[in-house]
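One structure is given here, and the rest of the page talks about it.
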Amino acid sequence: MIDSKAISEALKGIASHTAAASDELCAADGALGDGDLGITVSKGFAEAATAELPDDVGMALLEVAKAFQRVSSSSYGTLLATGFMAAAKREKGKPGIELEEIPGLVAAARDAMMARGKGNLGDKTVLDSLDAVASALEGTSPQVMVETTIKAAEHTVERYRDLPNKLGRARMFGEKSVGLPDPGQLAFLRIVEGLRSEAHQG
Amino acid sequence: MKKILNNPADYVDEMLDGMTAAHPQIYAQPVRRVITRAAGAKKGKVGIVTGGGSGHLPVFTGYVGTGLLDACAIGDVFASPSAEQMAEAIRLADGGAGVLRLYGNYGGDVMNFDMAGEMAEMEHDIRTTTVLLTDDVVSAPKEEAEKRRGVAGMVYAFKIAGAAAERGDDLDEVTRIAQKTADACRSIGMALTPCTIPQAGKPTFEIGETEMEMGMGIHGEPGIWRDAIKPADEIAEEMLDRLMADQPLAKGDRISILVNSLGATPAEELYILYRHAKQKLDALGVEIVMPLVGRYATSMEMTGATITVIKLDDELEGLLKAPAECAFWRV
Numbered sequence: 001m002i003d004s005k006a007i008s009e010a011l012k013g014i015a016s017h018t019a020a021a022s023d024e025l026c027a028a029d030g031a032l033g034d035g036d037l038g039i040t041v042s043k044g045f046a047e048a049a050t051a052e053l054p055d056d057v058g059m060a061l062l063e064v065a066k067a068f069q070r071v072s073s074s075s076y077g078t079l080l081a082t083g084f085m086a087a088a089k090r091e092k093g094k095p096g097i098e099l100e101e102i103p104g105l106v107a108a109a110r111d112a113m114m115a116r117g118k119g120n121l122g123d124k125t126v127l128d129s130l131d132a133v134a135s136a137l138e139g140t141s142p143q144v145m146v147e148t149t150i151k152a153a154e155h156t157v158e159r160y161r162d163l164p165n166k167l168g169r170a171r172m173f174g175e176k177s178v179g180l181p182d183p184g185q186l187a188f189l190r191i192v193e194g195l196r197s198e199a200h201q202g
Numbered sequence: 001m002k003k004i005l006n007n008p009a010d011y012v013d014e015m016l017d018g019m020t021a022a023h024p025q026i027y028a029q030p031v032r033r034v035i036t037r038a039a040g041a042k043k044g045k046v047g048i049v050t051g052g053g054s055g056h057l058p059v060f061t062g063y064v065g066t067g068l069l070d071a072c073a074i075g076d077v078f079a080s081p082s083a084e085q086m087a088e089a090i091r092l093a094d095g096g097a098g099v100l101r102l103y104g105n106y107g108g109d110v111m112n113f114d115m116a117g118e119m120a121e122m123e124h125d126i127r128t129t130t131v132l133l134t135d136d137v138v139s140a141p142k143e144e145a146e147k148r149r150g151v152a153g154m155v156y157a158f159k160i161a162g163a164a165a166e167r168g169d170d171l172d173e174v175t176r177i178a179q180k181t182a183d184a185c186r187s188i189g190m191a192l193t194p195c196t197i198p199q200a201g202k203p204t205f206e207i208g209e210t211e212m213e214m215g216m217g218i219h220g221e222p223g224i225w226r227d228a229i230k231p232a233d234e235i236a237e238e239m240l241d242r243l244m245a246d247q248p249l250a251k252g253d254r255i256s257i258l259v260n261s262l263g264a265t266p267a268e269e270l271y272i273l274y275r276h277a278k279q280k281l282d283a284l285g286v287e288i289v290m291p292l293v294g295r296y297a298t299s300m301e302m303t304g305a306t307i308t309v310i311k312l313d314d315e316l317e318g319l320l321k322a323p324a325e326c327a328f329w330r331v
């Protein structure tokens with residue numbers, strides 16, 4: 001079971017890993033967008049990592065969503081907040097997240113983010129990463145969950161690298177985006193890699 | 001840039017401080033960038049909140065008041081407030097009967113307000129609904145009317161939905177009336193000069209001395225097409241024709257019309273536009289109820305005007321005429 005304390009620890013790992021990846025993500029975003037994605041992501045997790053999380057794990061996830069809203073109201077920040085909020089709604093009133101619930105939570109986050117961002121799977125966005133993770137986690141044993149998540153996120157970046165972006169600002173670059181990793185998918189990869197650093201420490 | 005300001009970064013906060021200080025009997029700012037009625041939420045009444053960027057006074061903040069709005073979250077000039085500010089506005093507007101979110105259709109505002117509604121629901125068990133204004137006819141074709149921007153039609157929506165909430169209608173009823181009002185509004189804008197956002201320091205677009213811009217929005221977005229400047233009657237004629245092409249008007253129809261200054265256009269010129277509109281509508285046999293001419297939804301110091309027409313029935317007309325009061329408007 002993942003309780004609020006474990007979430008807090010995981011956020012610390014992600015915050016330090018995304019801070020280290022900030023320049024890389026800004027550069028990837030700069031090739032297709034306005035170049036601030038690394039800042040959005042690292043600021044959001046830094047804020048979430050220092051937030052006081054309540055014991056109710058749903059309300060803890062709501063705090064994470066709010067932290068993102070507070071410091072990074074860019075579209076990526078809002079989408080991540082939306083994902084956390086979707087999970088928060090399902091977990092409200094519980095002391096912890098059961099591991100077998102995780103694939104369902106990722107799928108719920110994916111669906112909520114699709115609705116909010118009006119995006120489709122295959123557009124070459126972070127939605128594809130979530131979709132890949134949700135399916136990869138289905139029926140996985142707890143021991144390999146983190147590695148499975150990272151592998152699915154990594155695979156998504158590679159799979160879409162040679163396809164054009166079909167959504168958001170990157171869409172305007174069309175063919176120019178072929179051969180470049182999607183910044184949002186790359187950011188997601190760096191986020192879930194942060195889970196590994198935490199898992200090793202723990 | 002030539003403006004009366006201190007530090008451009010303080011523009012919005014100092015404006016809100018001044019507004020609440022000038023009208024303490026109407027406005028309060030219990031949380032930074034959230035304006036509520038001075039007396040706070042009314043117990044048992046449906047709350048109505050709005051939100052959006054600064055730079056449009058009286059929209060949005062100005063319409064907090066009796067018979068109008070309960071709270072407003074306000075962002076930087078032409079920028080969305082945060083979801084947290086919007087959630088605060090919802091919380092502060094709640095009198096226990098639920099809250100309607102009533103605002104213009106802009107991407108950032110919609111995403112943030114949806115988030116805010118979810119937050120308020122999770123944290124405070126407040127039931128919320130949404131109605132979006134999509135009255136700007138030139139911002140998308142009729143087939144995609146749901147994608148249109150919300151502009152001055154907001155004023156009618158605030159007024160009519162506000163009256164319904166004030167008389168004690170429940171959330172579903174206030175929401176239905178707000179939606180009906182939004183559906184009955186059509187607006188179009190024209191501009192002669194751009195505006196300057198304090199923190200950007202330069203005009204939002206360039207336009208020649210003899211040109212006019214038709215179909216511009218209220219955020220300094222350039223218009224849909226540009227034309228040589230024409231006499232006022234021809235401008236009014238074209239604007240009304242475009243509004244009526246979208247929502248036909250016929251003999252016996254009752255409407256209200258808002259001829260609105262975008263900030264710098266004087267009342268004199270608005271009355272010249274109104275004069276022609278009235279002649280044209282009279283000739284058609286369309287009856288005008290409670291015409292509004294003045295500064296209701298602005299875009300900083302932009303020169304130009306918008307015209308909004310709302311088609312009325314007995315229900316909407318009664319609510320439009322109900323008493324209301326804010327610092328900028330009294331009915």
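Keeping their order, the protein sequence lines are chains A and B.
For the record, in the first sequence the residue sitting at position 177 is 177 according to full-length UniProt numbering, with numbers rising by one throughout.
For the record, in the second sequence the residue sitting at position 202 is 202 according to full-length UniProt numbering, with numbers rising by one throughout.
Backbone N, C-alpha and C define an ideal beta-carbon position, used for all residues, glycine too.
For Leu243(B), the CB contacts under 7 Å within the same chain, skipping 5 residues up- and downstream, are Val137, Arg186, Ile188, Ile307 and Val309 in chain order. Using beta-carbon distances, Leu62(A) counts as an interface residue toward chain B, with a partner under 8 Å.
DSSP links Lys2(B) through a beta bridge to no other residue. Following the DSSP letters along the chain, one finds Met113(A) inside the alpha helix (DSSP H) bounded by residues Ile102 to Gly117. For the region 70 to 99 of chain B, the beta-carbon criterion of a distance under 8 Å to any beta-carbon of chain A is satisfied by Ser80, Ser82, Ala83 and Glu84. Of all residues in the region 62 to 89 of chain A, only Leu62, Lys66, Gln69, Arg70, Ser73, Thr78, Ala81, Thr82, Met85, Ala88 and Lys89 place a beta-carbon less than 7 Å from a beta-carbon of chain B. In the DSSP assignment, Ser135(A) falls within the alpha helix (DSSP H) that extends over Val126 to Leu137. Arg176(B) and Tyr106(B) do not touch by the CB rule: their CB atoms are close to 23 Å apart, not below 8 Å. In the DSSP assignment, Ile207(B) falls outside any alpha helix (DSSP H), carrying neither H nor E. Residue-level contact by beta carbon fails for Glu166(B) and chain A, as no gap is shorter than 8 Å. Contacts with chain A (Cβ-Cβ distance below 8 Å) from the region 104 to 132 of chain B involve Gly108, Met111, Asn112, Asp114, Met115, Glu118, Met119, Met122 and Glu123, listed in chain order. Closest in C-alpha terms to Lys166(A), from the list Val144(A), Glu47(A), Leu130(A) and Thr125(A), comes Thr125(A). DSSP places Lys142(B) in the helix class (H, G or I) of the three-state scheme. Per DSSP, the continuous beta strand (DSSP E) segment holding Tyr103(B) begins and ends at Val99 to Gly104. Here DSSP, grouped into helix, strand and coil, assigns Thr149(A) to helix.
For Val49(B), the uninterrupted beta strand (DSSP E) segment begins and ends at Gly47 to Ser54. Taking C-beta atoms as the reference points, Pro181(A) and Glu138(A) fail to come closer than 8 Å.
Remark: C-beta atoms of Thr50(B) and Phe158(B) approach each other more closely than 8 Å.
Around the beta-carbon of Met212(B), 16 or more other beta-carbon atoms lie within 10 Å, marking it buried. Chain order gives the chain B residues near Lys92(A) as Met122, where near means a beta carbon separation below 7 Å.
In this structure, Thr128(B) and Ala145(B) do not form a Cβ contact; the two beta carbons are roughly 24 Å apart against a cut-off of 8 Å.
Following the DSSP letters along the chain, one finds Cys185(B) inside the beta strand (DSSP E) bounded by residues Cys185 to Ala191. With fewer than 16 other Cβ atoms from the protein chains shown falling within 10 Å of its own Cβ, Met1(B) counts as exposed. Collapsing the DSSP output to three states places Glu269(B) in a helix.
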